[in-house]
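*Asks:* Residue numbers (the working numbering), protein chains in the order written: chain A, 1234 to 1569; chain B, 164 to 506.
The following block contains the structure, expressed as structure tokens.
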Amino acid sequence: MKELIKKLTQTNAPSGRELKIREIIFEEVKDFIDGYEVDRLGNLIVWKKGKSNQKLLLDAHMDEIGVLATFIDEKGFIRIESIGGVSPYNLIGSRVLFQNVEGVVGIEGETAEDVQKNTKELNFDKIFVDIGAKNQEEAEKLVPLGSFGVYSASFTDLGKRIVSKAMDDRIGCAILIDTIKRANPYNDFYGAFSVQEEVGLVGASVVAFNINPDVAIAVDVTTWSDTPKGPKRMSLELGKGPCIKIKDSASISDRRVVERLRDLAESQNIPYQLEILLRGGTDAAALQKTAAGIVSGTLSIPCRYVHSPHEMIDVDDAENAVRLLQALAEEPKALI
Amino acid sequence: MNNLYLKELTELNGVSGYERRVREFIKEKIKDRVSGMEEDILGNLIAWKEGKNSKKLMLCAHMDEVGFMVSNIEEDGKLSIIPIGGIDPRTIIGKKVLIGEKEIPGVIGYKAIHLQRGEELTPPSFENIKIDIGVNKKTDAENKVKIGDFVAFATKSTVNGDWASGKALDDRGGCSILIDLIEDNIGLFYTTYFVFSTQEELGLRGAGVAAEKISPDFAVVVETTTSGDNPEFPEARRSTELGRGPAISPAHSGYVIDEKLFYWMLDNAKENNILYQIKRRTVGGTDARRIATTLAGIPSAVISIPSRYIHSPMSVLNLKDYENTLRLIATSLTKEVKDERTY
Chain A
1234 MKELIKKLTQ
1244 TNAPSGRELK
1254 IREIIFEEVK
1264 DFIDGYEVDR
1274 LGNLIVWKKG
1284 KSNQKLLLDA
1294 HMDEIGVLAT
1304 FIDEKGFIRI
1314 ESIGGVSPYN
1324 LIGSRVLFQN
1334 VEGVVGIEGE
1344 TAEDVQKNTK
1354 ELNFDKIFVD
1364 IGAKNQEEAE
1374 KLVPLGSFGV
1384 YSASFTDLGK
1394 RIVSKAMDDR
1404 IGCAILIDTI
1414 KRANPYNDFY
1424 GAFSVQEEVG
1434 LVGASVVAFN
1444 INPDVAIAVD
1454 VTTWSDTPKG
1464 PKRMSLELGK
1474 GPCIKIKDSA
1484 SISDRRVVER
1494 LRDLAESQNI
1504 PYQLEILLRG
1514 GTDAAALQKT
1524 AAGIVSGTLS
1534 IPCRYVHSPH
1544 EMIDVDDAEN
1554 AVRLLQALAE
1564 EPKALI
Chain B
164 MNNLYLKELT
174 ELNGVSGYER
184 RVREFIKEKI
194 KDRVSGMEED
204 ILGNLIAWKE
214 GKNSKKLMLC
224 AHMDEVGFMV
234 SNIEEDGKLS
244 IIPIGGIDPR
254 TIIGKKVLIG
264 EKEIPGVIGY
274 KAIHLQRGEE
284 LTPPSFENIK
294 IDIGVNKKTD
304 AENKVKIGDF
314 VAFATKSTVN
324 GDWASGKALD
334 DRGGCSILID
344 LIEDNIGLFY
354 TTYFVFSTQE
364 ELGLRGAGVA
374 AEKISPDFAV
384 VVETTTSGDN
394 PEFPEARRST
404 ELGRGPAISP
414 AHSGYVIDEK
424 LFYWMLDNAK
434 ENNILYQIKR
444 RTVGGTDARR
454 IATTLAGIPS
464 AVISIPSRYI
474 HSPMSVLNLK
484 DYENTLRLIA
494 TSLTKEVKDE
504 RTY
């Protein structure tokens, strides 16, 4: 599974520019599905036929957070805006990868005091990307205004723990791919690799309308509580199993989804955690509110340093998520 | 002909939810020049013209403007107001307004500087801003206005060379562009729906409903957007600048603009040497987010006329920008949207 995760996380596809990741995911699943559709917003929806007339939809978003080039000065320095939740603090000392070129991020300041002050009150007005261009013209050839970029950060294998950019939510994509490959579904099984989650759950809100599933589950990362002086009001630990989400700040999981996943995990001896996330949300919030309402929930993977260039997960959590979702897909029982 | 009706359009009162006057005006101007026209339940005006291709393209400009609503009539005949849409109270003191269907004149009042004690630096709040309609008694006021009446700025539009000023340029500028596009007999590639939408300023309320009814293959929102070319802003952080052509948005709040539509407009601008600019800020949203997430998804784009001081009693735009916006949209409407994704 690590190889797949590496391939997916190292592909560059910020929100609204998901072409490459969609092609790679499609190559992975195409021999294991009964049909597919790429909808008008770019969501990839694949399906496997089951034996019942109910539909299960699993969703993982394939976009990652990024930046947008909006201005280039006469010396060739590029100004950027964030696409999704990129903190300027995570850009300082980092590299940004545009389609044709990589750049480093610098901070404005005439004196040491200026730099200190700007660092303290950092925002996108105070930083710039330097691609080593001599002037505006040279920079604009490589990074035309309106170009999208992502963090440039490698994949590191630390054994059980792995680190990369874009673990959010390529880990969900990897879990969904492996579930599609392995599952022999009882209910009709739809997998959606959705677009533009990071800017506002755009893709998922139309996927659910299109498919109209009986149950929908978002597979996404969540945050963590197991680092020095980490949050005490919630419990999310790496390696303790996938998290069955009960609540976050965007949705409350349908009780039936929570109970079904928990019962399955118990009966199959799959480790799991119960998740209450103080701040954050997933595509489930959009899925739940679609059309006349859809029974929805989220299965999440604890992930340290979310939205930084170096997101860490435990690969056992991903493996166990696949086991749990495969069990759900194969259970010879009506969904609700 | 272009900007035939811009001046008249900005002088009409159409605060969100009360767009009737704007709608009736537009209806009258376009009725003989479209293949069909209808008004929906939320008050959106939808007109269409056939194109070479039966696929549907929806153009959308919102008719509503920011303003106020009378929320109470005080004992002394002054009117309490609530803002309709985003308005900075510092921009409205001492301005003339028109109230309700009878367009009763009034002035937005606040205590004179002589009576302020070190409060000059505190922005006034809507708690203590009142409208004065020239009466001293509640009963006299009640004969003229009612709770729930709309309040619109009473600004006359002026044109000075290439510069036009007026209230409600956001988004009568867009409405005017759509009317001009209907007026000019363009060889439309797609069957084109011209939507004049309602209640955008209160949260994109009208456009989604219109999109659901039309179910277009793509949509382009025609807006009037913030400029930010004030001297205190560094060039890099100006959202747009006047005189540099239409602003094409790559992304905004809640939605990354559809890639093929973005390049459709950009390429048409380049090929036809039409001055354009890429919008430098992504804050703020438009009807595009609402339309994009309608039904099973409708790819959307945004093109805007840059404008200074929007959401205030007086905004300014450059008529050359208006012309270039019109030209760019008119040229693009004759061309197919190519599906060549790059990234």
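Note that beta-carbon positions come from the ideal geometry of N, C-alpha and C, so glycine has one too.
Given the structure is predicted, the values throughout are model-derived calculations rather than measurements.
I'd like to know whether the C-beta of A:Val1439 is nearer than 8 Å to at least one C-beta of chain B.
*Replies:* Yes, because at least one Cβ of chain B sits closer than 8 Å to the Cβ of A:Val1439.
*Asks:* Would you check if the distance between the CB atom of B:Asp421 and the CB atom of B:Leu367 is smaller than 8 Å?
*Replies:* Against a cut-off of 8 Å, the Cβ pair of B:Leu367 and B:Asp421 comes out as no contact.
*Asks:* Which residues mark the beginning and the end of the beta strand (DSSP E) in which B:Lys218 is found?
*Replies:* Counting along the chain, the beta strand (DSSP E) containing B:Lys218 begins and ends at 216 to 225.
*Asks:* Only counting the same chain, and skipping five residues up and downstream in sequence, which positions put a Cβ closer than 8 Å to that of B:Thr321?
*Replies:* Closer than 8 Å at Cβ, skipping near neighbours: Ala327, Ser328, Gly329.
*Asks:* Using a Cβ-Cβ cut-off of 8 Å (strictly less than) and excluding sequence neighbours within five positions of A:Glu1564, which residues of its own chain qualify?
*Replies:* Tyr1419, Leu1497.
*Asks:* Determine, using beta carbons only, whether B:Thr403 and B:Pro469 come nearer to each other than 8 Å.
*Replies:* It is a contact, given that the beta carbons lie within the stated cut-off.
*Asks:* For the candidate residues A:Gly1309, A:Leu1301, A:Glu1430, whose alpha-carbon lies nearest to that of A:Glu1373?
*Replies:* Among A:Gly1309, A:Leu1301, A:Glu1430, the Cα nearest to that of A:Glu1373 is on A:Gly1309.
*Asks:* Straight-line CA distance for B:Gly269 to B:Ile294?
*Replies:* Rounded to whole angstroms, B:Gly269 to B:Ile294 spans 6 Å at the Cα level.
*Asks:* If we ignore side chains and look at the alpha-carbon of each, how far apart do B:Val308 and B:Leu332 end up?
*Replies:* So the alpha carbons of these two residues sit roughly 26 Å apart.
*Asks:* Could you please give me the residues that DSSP links to A:Phe1426 through a beta bridge?
*Replies:* Paired residues: A:Leu1277, A:Ala1293.
*Asks:* Quick check: the Cα distance between B:Pro409 and B:Val479, rounded to an integer number of angstroms?
*Replies:* Whole-angstrom Cα-Cα distance: 14 Å.
*Asks:* Quick check: is the beta carbon of A:Ile1360 nearer than 8 Å to any beta carbon in chain B?
*Replies:* Cβ-Cβ to chain B under 8 Å: no for A:Ile1360.
*Asks:* Of all the options A:Ser1529, A:Arg1495, A:Gln1501, which has the alpha carbon lying nearest to the alpha carbon of A:Ala1441?
*Replies:* Cα-wise, what sits closest to A:Ala1441 is A:Ser1529.
*Asks:* B:Tyr353 CB to nearest chain A CB: under 8 Å?
*Replies:* Taking Cβ atoms only, chain A never reaches closer than 8 Å to B:Tyr353, which makes this a no.
*Asks:* Between B:Lys241 and B:Gly297, what straight-line distance do the alpha-carbon atoms span, to the nearest angstrom?
*Replies:* Spanning the two alpha carbons is a distance of roughly 9 Å.
*Asks:* Assess, as a yes-or-no matter, whether the segment 1401 to 1408 of chain A is touched by the segment 1265 to 1275 of chain A under the definition of 3 or more beta carbon pairs within less than 8 Å.
*Replies:* No: fewer than three Cβ pairs fall under 8 Å.
*Asks:* Suppose contacts are defined by Cβ-Cβ distances below 8 Å. Is B:Glu386 in contact with B:Leu167 by that definition?
*Replies:* For B:Glu386 and B:Leu167, no; Cβs fall outside 8 Å.
*Asks:* Helix, strand or coil for B:His415? Go by DSSP, reduced to three states.
*Replies:* B:His415: strand per DSSP, three-state reduction.
*Asks:* Just checking my contact of B:Gly206 with B:Gly369 at CB under 8 Å: how many whole Å lie between their CB atoms?
*Replies:* The Cβ separation is near 7 Å, so the contact holds.
*Asks:* Expressed to the nearest angstrom, what Euclidean distance is found between the alpha-carbon atoms of B:Ile250 and B:Gly199?
*Replies:* Computed Cα separation, rounded: 36 Å.
*Asks:* Just the C-alpha distance for B:Leu344 and B:Glu182, rounded to the nearest angstrom, thanks.
*Replies:* Distance between the alpha carbons of B:Leu344 and B:Glu182: 21 Å.
*Asks:* So which residues on chain A does B:Ile441 lean against when the C-beta distance must stay under 7 Å?
*Replies:* Thr1303, Leu1378, Gly1379, listed in chain order.
*Asks:* For B:Lys465, collect the residues of the same chain with a Cβ closer than 7 Å to its Cβ; drop the 5 residues on either side in sequence, then sort them by chain order.
*Replies:* It should be pointed out that residue 465 of chain B corresponds to Val in this sequence rather than to Lys. Here the set comprises Val384, Glu386, Ser412, His415, Ile420, Thr449, Ala451.
*Asks:* On the three-state DSSP scale, how would you describe B:Thr254?
*Replies:* Here B:Thr254 sits in helix by DSSP.
*Asks:* Should the segment 299 to 318 of chain B be called in touch with the segment 243 to 259 of chain B, which here means at least 3 C-beta pairs below 8 Å?
*Replies:* Cβ pair count under 8 Å is three or more, so yes.
*Asks:* Are A:Thr1456 and A:Leu1469 close, meaning C-beta to C-beta below 8 Å?
*Replies:* Their beta carbons are under 8 Å apart, which means A:Thr1456 touches A:Leu1469 by this criterion.
*Asks:* What residues of chain B sit near A:Val1435, judged by a beta carbon separation below 7 Å?
*Replies:* What A:Val1435 touches in chain B: Tyr418, Ala455, Thr456.
*Asks:* Tell me, to the nearest whole angstrom, how far the beta carbon of A:Ile1364 is from that of A:Ile1311; I am working on the premise that it is less than 8 Å.
*Replies:* Sure, about 7 Å apart at Cβ, within 8 Å.
*Asks:* Across which residues does DSSP place B:Thr354 in a beta bridge pair?
*Replies:* Note: B:Thr354 sits in a beta bridge opposite B:Lys219.
*Asks:* Which ranges does the alpha helix (DSSP H) cover as unbroken runs of at least 4 residues, wholly within the segment 381 to 467 of chain B, from first to last along the chain?
*Replies:* Taking only runs of at least 4 residues, the alpha helix (DSSP H) segments lying wholly in the segment 381 to 467 of chain B are 422 to 434, 450 to 455.
*Asks:* Which parts of the segment 1363 to 1394 of chain A are runs of the beta strand (DSSP E), unbroken and 3 residues or longer, counting only runs that do not cross its ends?
*Replies:* You should have 1381 to 1385, 1389 to 1391.
*Asks:* Could you tell me whether any Cβ in chain A is nearer than 8 Å to the Cβ of B:Ala459?
*Replies:* So, interface residue.
*Asks:* Strictly under 8 Å for the Cβ-Cβ distance: is B:Pro462 near chain A by that measure?
*Replies:* Taking Cβ atoms only, chain A reaches closer than 8 Å to B:Pro462, which makes this a yes.
*Asks:* So which residues of chain A does B:Pro413 contact, with C-beta pairs closer than 7 Å?
*Replies:* Those within 7 Å of B:Pro413 in chain A are Leu1301, Gly1379.
*Asks:* Measure the C-alpha to C-alpha separation of B:Glu398 and A:Ala1302 and round it to an integer number of angstroms.
*Replies:* If I take the Cα positions, the gap works out to 14 Å.
*Asks:* Is the distance from the Cβ of A:Leu1532 to the Cβ of A:Ile1479 below 8 Å?
*Replies:* Cβ atoms of A:Leu1532 and A:Ile1479: not closer than 8 Å.
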